[in-house]
Amino acid sequence: MIDRTSKLKQLIGQMVVVRASGYLFDRQIRYPVWEPPNSTLRRWLETLNLGGVILLGGSAAEIALRTRQLQDWSPHPLLIAADIEEGVGQRFAGATWFPPPMALGEIAKKDVNKAKEYAFRMGAITAREALSIGINWVLAPIVDVNNNPENPVINIRAFGETPEIVSELARSFILGARSYPVLTTAKHFPGHGDTGSDSHLDLPVLEHDLDRLETLELPPFQAAIETGVDSVMSGHLLIPAWDREHPATLSRKILTERLREKMGFDGIIVTDALIMGGVTKVASPAEVAVMAVEAGADILLMPPDPEVAIEAVYKAVTSGRISEERILESIARIRRAKEKLGPPENSIELLFDLGEPRAIATVEAIVKDSCKIGGNLPLETGNGRNLIIVDDLLNCDFLDRSSPAVTIPRQAGYEVQTVDRTTLKYCPDDDRSSLLQLFLRGNPFRGSAGLTEENKRIYRALLETGRVRGMIIYGSPYVFAWFRSLIDDDLPIVFTYSQEAAAQKIACEKLFGLSSPSGDIDREFV
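Counting in the working numbering, the sequence shown runs from 527 upward without gaps.
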């Protein structure tokens, strides 16, 4: 039994993971509401005995320094996590950035074994690169089944639209990651794939019956558990069939009775970020922290204030609301996970292997095998404009003046013009022929899957001018399907799930006939 106040609070501190900037200096902090200055972060780590940190921002090389700094500040080894569902390069420049998981699901429709091999390599490369820069907790794979085309937040982050494909690819990713001593995470339990709203902003409700939940949402989580996934992340979702009052993150019926007892999971249950609208609108930060622990969570991810969360859980224990044994159960799971990781370290030698040729070759193979082309290729060269429309131009780390989406069309005579989707009000007046490139996909905090009704009206008007001579769509297959229903069969078009430079290069080369079509590329139009 725990007999001292400080000891109890220190143990509860291990159940808290805070958000921190991946940048080294305070002046680089991008999200000050969530990312504390270094003086505060250091004090928390030195005095609260926090269990870990989740990082965002910075280059891979900078993260290697940052993780060492954070481990030095902490008296105990930290879990250092990152949302790297598409590889380390998705968050930290310089490392490998894979296409979104749904690209593998597309490949699986034609060759499931090839897709599984890619998923295994993706897991292994992600784990190796994460470990090399000091990240030991991979918050992936997503095992949600995205069968709702209007899903604004999961979308192409999921492996696919059926539980069978998602289960197979998630299992392969986990097995690949297990090649290295890192933790993996299946998310977002019990399934965020069939929602029309974003739990970062609101609380989605899944009105499915028990049979539907058991046959569609849960199988990928069960597959992940049987494969040995280390942690499961709860989703901020209301599931009336199981609990009409509490979101999954705050529901004992869902986290303990369903996930622990019925599905047999004995690893770490981690909440999704506690700063998200899916729970902040339910109760106060202090009460949310207590309710999550009561529900069965072992780790509270990103509470608004870790001191408030720790104090609230402490008072719940001392008042008898939460038992000391309940805290010790979580501590035991956290200790087992940290023992798997070994001593905190990263390797400069491994750092130079980031984005190695084998990793880049895997990225390119996935892009090519999941790409779709149609119409009368190649697109003719000449005097035209390269109209690029981006989901969020001010927060776009895959596009600049040297990107292939800019440079290759320029060589073909198309001068770039960029527009932000959120500010798109009309089609810029230009009588030249246009190459239209769209970077649209579902993402957290956007509240949209890529196409608003106003956007659709403008795109229709642009197509009706007859000036669009070719298209490339990067991101959502649902956006691609909408455009495909509007265009003539002979209009040159390329679709790729990925938005990063390798995909841009491959897509532009296909459009302008700078490389021969691969037999693996799906030709949409005959």
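We treat Cβ as the ideally placed atom computed from N, Cα and C, and that holds for glycine.
Burial check for Phe1021: the Cβ neighbour count within 10 Å reaches 16 or more, so the residue is buried. Cβ-Cβ distances below 7 Å link Glu611 to Pro627, Ala666, Pro667, Ile668 and Arg683 in the same chain, with the five nearest sequence neighbours on each side left out; the list follows chain order. According to DSSP, Ser585 shares a beta bridge with Ala619. For Ile651, the uninterrupted alpha helix (DSSP H) run begins and ends at Val638 to Ser658, by DSSP. Here the alpha carbons of Gly613 and Val708 stand approximately 14 Å from one another. Straight-line spacing of the CA atoms in Ile998 and Gln963 works out to 5 Å.
The way I'd put it, the stretch 792-805 doesn't touch the stretch 836-852; fewer than three beta-carbon pairs between them come closer than 8 Å. Remark: C-beta atoms of Trp570 and Pro832 approach each other more closely than 7 Å.
Separation of the CB atoms of Leu913 and Pro1018 is rounded to 15 Å, and the pair is thereby denied contact status at 8 Å.
Between the beta-carbon of Asp670 and that of His718 there is about 5 Å, and that keeps the pair under the 8 Å contact cut.
Rounded to whole angstroms, Tyr549 and Glu655 show a C-alpha spacing of 18 Å. Our two residues, Val543 and Trp663, have alpha carbons roughly 11 Å apart in a direct line.
Taking a 10 Å sphere around the C-beta of Leu854, we find fewer than 16 other C-beta atoms and assign the residue as exposed. Boundaries of the beta strand (DSSP E) harbouring Phe715: Thr711 to Phe715, taken from the DSSP string.
Nearest to Ser1024 by alpha-carbon distance, out of Lys894, Arg553, Val638 and Glu813, is Lys894. Secondary structure of Ser856 (DSSP, three-state): helix.
Counted as a single uninterrupted DSSP element, the alpha helix (DSSP H) harbouring Tyr840 occupies residues Pro832 to Thr844. The C-beta distance from Gly910 to Arg995 rounds to 7 Å, short enough to meet the 8 Å contact threshold. In this structure, Ala650 sits near Ser705, with a CB-CB distance shorter than 7 Å.
Within the same chain, Val834, Ala835, Glu837 and Ala838 come within 8 Å of Ala812 by CB-CB distance, once the 5 residues on both sides are set aside. For Ala858 and Ser532, the gap between their C-alpha atoms comes out near 18 Å. Residue burial is scored here from C-beta neighbours: Val559 has fewer than 16 other C-beta atoms within 10 angstroms and is therefore classed as exposed. Each of Gln937, Leu919 and Arg958 was checked against the Cα of Val945, and the nearest Cα belongs to Leu919. For Arg995, the enclosing beta strand (DSSP E) stretches over residues Val994 to Gly1001.
Cβ atoms of Phe715 and Ser760 come within 8 Å of each other, at about 5 Å. Taking each of Ser658, Val843, Leu604 and Ala645 in turn and checking the Cα distance to Leu880, the smallest one comes out for Ser658.
Sequence-distant partners of Val932 (beyond 5 residues in either direction) whose C-beta falls short of 6 Å from its own C-beta, in its chain, are Val942.
Under the rule that a run must span 4 or more residues, the alpha helix (DSSP H) segments found entirely inside the stretch 875-943 read 883-896 and 930-937.
Here Asp1016 is exposed. Its C-beta has fewer than 16 other C-beta atoms within 10 Å.
Judged by DSSP in its simplified three-state form, Gln748 adopts helix. Bounds of the beta strand (DSSP E) holding Ile1019 are Ile1019 to Thr1022. Following the DSSP letters along the chain, one finds Ala608 inside the beta strand (DSSP E) bounded by residues Leu605 to Ala608. Here Gln1025 carries a coil assignment [DSSP, helix/strand/coil]. In the three-state scheme derived from DSSP, where H, G and I count as helix and E and B as strand, Asp670 is classed as coil. DSSP, read as helix, strand or coil, puts Asp792 in coil. Between Val755 and Glu906, the alpha-carbon positions lie close to 50 Å from each other.
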